[in-house]
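Okay, structure coming up:
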């Protein structure tokens, strides 16, 4: 038994699966995880997570950044809001191109053509986020989620409200949020 305990103790020290600060900052871990759950619930109320999985995933990744590593540059308001708005705008542009433009017939008959457009949209988004200093990687999921379906104002409105909810939650609890990494 002592050998097994020694093995696990050595293994734990080497792998460090559990953060050594976990027990010391238990209050922050539990509070921020609870706030993240509430924030995600509010977002999922706005976004139909089954129909818009990419949108829910992008917003969920934003929630993770905000509550796990709030001092990360990607968690800044400029990055959070700016990155998502760039994603929404480019997603809308490519959605209209793929589904509503005069050349949309080609996208229906040549499947890889939309893949090329989506790849270009991600490259364009990365370039624009880097130029405008609004780097927020989860917003790329928003871009793809918007571009992969016909454009709808309801989707736009739900995303804008969801992003502002996340920004308001981050602002409201800014004094209590700590980096958990």
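In our numbering, the protein residues as written are 1 to 181.
Glycine is no exception: its CB is placed at the ideal position from the N, C-alpha and C atoms.
Separation of residue j from residue i, as counted between CA atoms
i           : j           : result
residue 55  : residue 65  : 16 Å
residue 112 : residue 79  : 31 Å
residue 44  : residue 62  : 13 Å
residue 93  : residue 27  : 44 Å
residue 190 : residue 178 : Nothing can be reported for residue 190: it is not among the residues displayed for the chain, which extend from 1 to 181.
residue 74  : residue 83  : 9 Å
residue 135 : residue 158 : 22 Å
residue 96  : residue 160 : 19 Å
residue 30  : residue 166 : 18 Å
residue 68  : residue 164 : 19 Å
residue 118 : residue 131 : 20 Å
residue 70  : residue 35  : 13 Å
residue 121 : residue 169 : 30 Å
residue 116 : residue 175 : 44 Å
residue 46  : residue 123 : 28 Å
residue 42  : residue 33  : 14 Å
residue 197 : residue 22  : Only positions 1 to 181 of the chain appear in the structure, and residue 197 is not among them; the question remains open.
Coarse secondary structure for residue i, derived from DSSP in three states
i           : result
residue 142 : helix
residue 170 : helix
residue 73  : helix
residue 79  : helix
residue 56  : helix
Close-in-space but distant-in-sequence residues of the same chain around residue i (CB under 8 Å, 5 per side omitted)
i           : result
residue 100 : 150, 151
residue 125 : 86, 87, 90, 139, 140, 143
residue 106 : 113
residue 103 : 97
residue 40  : 59, 60, 63
Proximity test, Cβ basis, 7 Å: residue i and chain B
i          : result
residue 56 : Looking at the structure shown, chain B is missing, and only one protein chain is on hand.
Sequence-distant residues of the same chain with beta carbon closer than 7 Å to residue i, five excluded per side
i           : result
residue 128 : 86
residue 57  : 141
residue 18  : none
* Residue ranges of each alpha helix (DSSP H) run of no fewer than 4 residues wholly in the region 98-143, ordered along the chain? -> 104-109, 111-132
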